[in-house]
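Positions 628 to 709 (the working numbering) are the ones given, in order, by the sequence shown.
Don't be surprised by glycine CBs; every beta carbon is placed ideally from N, CA and C.
Heads up, the thing below is written out as structure tokens.
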Amino acid sequence: MRLDPFAGAYLTDPAQVWRRLLDEPEGVRHDPDLGLWLITRHADVRRALGDAEAFGNALTLAPIYDVCPEAMEFIARIDAPP
628 MRLDPFAGAY LTDPAQVWRR LLDEPEGVRH DPDLGLWLIT RHADVRRALG DAEAFGNALT
688 LAPIYDVCPE AMEFIARIDA PP
């Protein structure tokens, strides 16, 4: 099963979607469409938290496209040092 937090089934009854995900034998999966790891088992969460190389977010820290000058100006204005 694929998690789609924007689908009608999830928006209508997210608990049912999570029950189905928890019933699946695979507790760790990567969703390239959402760009995230979906980890549903406690033991797997503990393992992932201890393995930053495999489950880290290093690839998401840099933007995948250039930020326009207007956005950079806005960011500088709202996050300016005192």
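*Ends of the alpha helix (DSSP H) at D650?*
P641 to D650
*Looking at L665 and L638, is the spacing between their C-beta atoms short of 8 Å?*
no
*With distances taken Cα to Cα, identify the nearest neighbour of L649 among L663, L661, D660 and A670.*
Taking each of L663, L661, D660 and A670 in turn and checking the Cα distance to L649, the smallest one comes out for A670.
_Please report the distance separating the alpha-carbon of R668 from that of D658._
Taking C-alpha positions only, R668 is separated from D658 by approximately 16 Å.
*DSSP state of R674, grouped into three classes?*
helix
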